[in-house]
Amino acid sequence: MLIETLASAGRSCFAAASLRRFSRSSAMAKSKFEYVRSFETDDTCLRNCYIVVRLDGRNFHKFAEQHQFAKPNDDRALGLMSRSARSVMEELEDITIAYGQSDEFSFVFKRTTTWFKRRASKLMTHVASQFSSSYVFYWKEFFGEQPLLYPPGFDGRVVLYPTNHNLRDYLSWRQADCHINNLYNTVFWTLIQKGGLTTTQAEDRLKGTLASDKNEILFSEFDTNYNNESAVHRKGTTLIWEKVRYSGVIKSAQFLQISVEDIPSMCPTSSV
Ligand SMILES: Nc1nc2c(ncn2[C@@H]2O[C@H](COP(=O)(O)OP(=O)(O)OP(=O)(O)O)[C@@H](O)[C@H]2O)c(=O)[nH]1
Ligand SMILES: [Mg+2]
Ligand SMILES: [Mg+2]
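Under the working numbering, read the sequence shown as residues 76 to 347, first letter to last.
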């Protein structure tokens with residue numbers, strides 16, 4: 076077996092290395108292979124910037140179909156995304172805000188974080204792996220006996236924002252994306268599920284319509300006021316730490332689920 080061969084080779088290397096330790100000075104301890112380290116590139120994130128890691132589900136269009144997600148929004152899937160994001164915030168240091176919608180979640184690290192020496196690849200991979208393993212770990216809590224058919228994956232990217240204004244605009248941008256998609260999807264699926272249209276007919280009906288037209292279709296044809304739809308569906312989910320007092324000492328310990336617009340009033344401007 077290849078694995079066994081490598082393992083026994085590893086053991087004899089180790090024995091040889093131990094012997095050499097007695098015969099060579101510590102200055103000589105570096106192996107001739109050490110130079111390969113210099114191939115690693117420096118990916119330290121610029122100081123003073125907010126580090127944002129955004130994850131997005133890989134091919135979730137297919138994943139949602141195969142796991143029969145409700146259309147346009149599946150509360151089990153959204154709950155599982157938020158639960159996984161909570162696990163990331165609990166396990167990893169210095170994340171102050173997380174914002175999620177659909178199959179994506181953004182995590183905002185403190186400006187001053189020195190976690191993993193601000194190395195982008197370390198931060199991103201820790202967030203992605205903690206999130207992915209939590210998604211699988213907590214699956215049953217949200218989907219019960221419905222089986223997870225294959226392991227889901229999430230891609231990650233790191234973006235730096237130098238000012239509070241930029242960070243707020245970033246979060247507003249993701250929330251605007253949520254709003255635009257959700258309004259479209261809500262009307263689209265209403266036309267199909269309640270109006271009896273085919274997907275092609277619904278697409279044609281919505282071609283070139285503005286937000287006001289979509290609101291009007293919902294209101295006049297289906298007696299639905301879009302503003303009364305669930306806030307989580309319209310605005311996404313924001314997780315922040317809530318400061319709570321334990322015997323006189325203030326600690327950040329609980330999660331609040333709030334709307335992005337409420338962030339400025341909940342956090343001091345120096346940190347957001
Ligand atoms: N039915 C349903 N589908 C969902 C829900 N949340 C996410 N999705 C699906 O997930 C997709 C996410 O979109 P994208 O991230 O742009 O596309 P993707 O298929 O994941 O492709 P890549 O991200 O490029 O890998 C949506 O288009 C939906 O098909 C949900 O609550 N219900
Ligand atoms: Mg995706
Ligand atoms: Mg997405």
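Glycine included, C-beta positions come from ideal geometry on N, C-alpha and C.
Problem - Straight-line Cα distance separating Phe206 from Asn300 - result: 35 Å
Exercise for the section: Taking Thr171 as part of the beta strand (DSSP E), name the residues at either end of that continuous run. Expected result: 170–176
Practice task
Starting from the Cα of Asp252, find the closest Cα among Val234, Gln176, Ala145 and give me that residue.
Solution key: Gln176
Exercise for the section: Name the residue from Pro226, Gly228, Leu224, Tyr245 whose alpha carbon lies nearest to the alpha carbon of Val234. Expected result: Tyr245
Practice task
Would you check if there are 3 or more beta carbon pairs closer than 8 Å linking the segment 284–297 to the segment 255–274?
Solution key: yes
Problem - Residues that DSSP places opposite Glu179 in a beta bridge - result: Asp131, Gln176
Handout entry: First through last residue of the beta strand (DSSP E) which encompasses Phe114
Key = That residue, Phe114, is in no beta strand (DSSP E); it is neither H nor E in DSSP.
Practice task
Identify whether Ser305 lies in helix, strand or coil by the three-state DSSP scheme.
Solution key: coil
Practice task
Could you tell me which residues DSSP pairs with Leu293 in its beta bridges?
Solution key: Note: Leu293 sits in no beta bridge, so no partner.
Handout entry: Local conformation of Asp230 per DSSP, three classes
Key = strand
Problem - Neighbourhood of ligand 2 [Cβ distance below 7 Å to any heavy atom], ordered by chain position - result: Asp131, Gly132, Arg133, Asn134, Phe135, Asp178, Glu179
Handout entry: Nearest-angstrom Cα separation, counted from Pro147 out to Gln141
Key = 15 Å
Handout entry: Ile126 - partner residues in DSSP beta bridges
Key = Phe184, Leu235
Problem - Bridge-paired residues (DSSP) for Arg72 - result: Nothing can be reported for residue 72, as the shown portion of the chain is limited to 76 through 347.
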